[in-house]
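**Student:**
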Amino acid sequence: MSDTLTPKQRQVLEAIRRFQQEKGYPPTVRELAELFGQLSTAGMHKILMTLQEKGVLSRREGTKSRSYHIIGEEPGEGPAGRARPCPIIGEVVAGMPELALEEREGDLYLDSDWVGKEDIFLLRVRGHSMIDADIRDGDLLAVQITQSCRNGEIIIALLDDEATVKRFYKEKDRVRLQPENQTMQPIYIPIDDPGFRIIGKVKGLLRRYH
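Every letter in the sequence shown is one number past the one before it in our numbering, and letter 166, counting from 1, is 430.
As structure tokens, then:
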């Protein structure tokens with residue numbers, strides 16, 4: 265995908281990489297704009313959005329100002345070969361739960377600075393119930409394997425072996441799985457339902473445009 269980048273887009277990508285190496289965290293949009301002198305933050309936002317669309321940059325879930333990370337570098341191709349494989353294990357439904365966890369499709373190499381040291385796997389989204397959280401049909405979710413989460417976090421849950429992605433809320437004797445779509449209703453589950461299990465929480469999102 266890098267062969268489709270313009271010179272300016274390459275410069276911005278390299279600036280993000282250098283900043284991350286030197287500081288240990290990614291730059292803000294304003295810091296990037298300042299590195300390029302006359303370029304406004306609006307102009308930088310446009311470049312960053314294009315880099316996301318071209319599949320070389322990702323915005324991490326749960327962060328705001330320092331949310332952009334370089335993705336998809338094969339080992340040895342990125343700085344210090346810091347990419348590591350994360351398995352793509354199938355699909356998750358953003359809608360009513362359906363049988364959704366399929367066989368492993370392969371691996372995608374992600375920047376270790378982005379995924380950290382957690383156990384991460386990737387799920388492809390199917391459906392539109394999380395659209396207001398900017399999670400779209402076809403997106404790849406980076407999921408940290410865990411059975412613990414806080415209210416308001418976006419999780420992957422199994423309901424009788426069927427998977428769904430929703431916001432998690434614990435309410436007295438029940439769990440509410442809340443969609444991010446005003447046309448859809450939440451799912452309520454008894455707190456002791458043996459068919460309910462949290463398998464992970466969403467740590468990031470990858471989007472590729474065709």
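Quick reminder that beta carbons are idealized off the backbone N, C-alpha and C, glycines included.
1. I need the straight-line Cα distance from R274 to F432, nearest angstrom please.
2. Go ahead and pull the three-state DSSP assignment for K381.
3. What are the boundary residues of the alpha helix (DSSP H) that includes A306?
4. Would S322 be called buried (16 or more neighbouring beta carbons within 10 Å of its own) or exposed?
5. May I ask you to report which of helix, strand or coil DSSP gives T447?
6. DSSP on R281, reduced to helix/strand/coil?
7. What's the C-alpha gap between R281 and P291?
8. Is the beta carbon of I352 less than 8 Å from the beta carbon of D371?
9. D457 to I311, Cα distance in whole Å?
10. Out of I453, I418 and P349, which one is the CA nearest neighbour of D424?
11. Just to confirm before moving on: does the CB-CB distance between A427 and V356 stay below 8 Å?
12. Q446: buried (16+ other C-beta within 10 angstroms of its C-beta) or exposed?
13. Quick one, which of S304, Q411 and G459 has its alpha-carbon nearest K465's?
14. In this structure, how does DSSP classify K436 when only helix, strand and coil are distinguished?
15. Would you give the residue range spanned by the beta strand (DSSP E) that V293 belongs to?
16. Only counting the same chain, and skipping five residues up and downstream in sequence, which positions put a Cβ closer than 8 Å to that of D403?
17. For A279, which residues of its own chain have a beta-carbon under 7 Å away from its beta-carbon, when the five flanking residues on both sides are left out?
**Tutor:** So, to answer that:
1. Sequence index remark: in the sequence shown, residue 274 carries index 10 (1-based). Sequence index remark: in the sequence shown, residue 432 carries index 168 (1-based). Near 39 Å, if we compare the C-alpha coordinates of F432 and R274.
2. In the sequence shown, residue 381 corresponds to position 117, counting from 1. Three-state DSSP puts K381 in coil, outside helix and strand.
3. As a position in the sequence shown, residue 306 is number 42, starting the count at 1. Its alpha helix (DSSP H) spans residues T305 to E317.
4. Mapped onto the sequence shown, residue 322 falls at position 58. It counts as buried.
5. Mapped onto the sequence shown, residue 447 falls at position 183. Note: T447 maps to coil in three-state DSSP.
6. As a first step, residue 281 is located in the sequence shown; it is residue number 17 there, counting from the start. It is helical.
7. Residue 281 sits at position 17 when you count from the first residue of the sequence shown. Residue 291 sits at position 27 when you count from the first residue of the sequence shown. Between R281 and P291, the C-alpha separation is close to 9 Å.
8. Locating residue 352 in the sequence shown gives position 88, where the first residue counts as 1. Locating residue 371 in the sequence shown gives position 107, where the first residue counts as 1. Contact: yes.
9. Here residue 457 refers to the residue found at position 193 of the sequence shown. Here residue 311 refers to the residue found at position 47 of the sequence shown. Rounded to the nearest angstrom, the two C-alpha atoms are 47 Å apart.
10. Indexing the sequence shown from 1 puts residue 424 at position 160. Of I453, I418 and P349, the residue nearest in Cα terms is I453.
11. One-based indexing of the sequence shown puts residue 427 at position 163. One-based indexing of the sequence shown puts residue 356 at position 92. Yes, the Cβ-Cβ distance between A427 and V356 is below 8 Å.
12. The count along the sequence shown starts at 1 and reaches residue 446 at position 182. Its Cβ having fewer than 16 others within 10 Å, Q446 is exposed.
13. Numbered from its first residue, the sequence shown carries residue 465 at position 201. Nearest option by C-alpha distance: Q411.
14. Numbered from 1 along the sequence shown, position 172 holds the residue referred to as residue 436. Looking at K436 - three-state DSSP - the assignment turns out to be coil, as it is neither helix nor strand.
15. Looking up residue 293 in the sequence shown gives position 29. Not the beta strand (DSSP E): V293 falls in the alpha helix (DSSP H), residues V293 to L299.
16. As a working note, residue 403 is residue 139 in the sequence shown. Within the same chain, D403 has close Cβ partners R388, V389, L469, L470 and R471.
17. As a position in the sequence shown, residue 279 is number 15, starting the count at 1. Cβ within range, chain order: L296 and L299.
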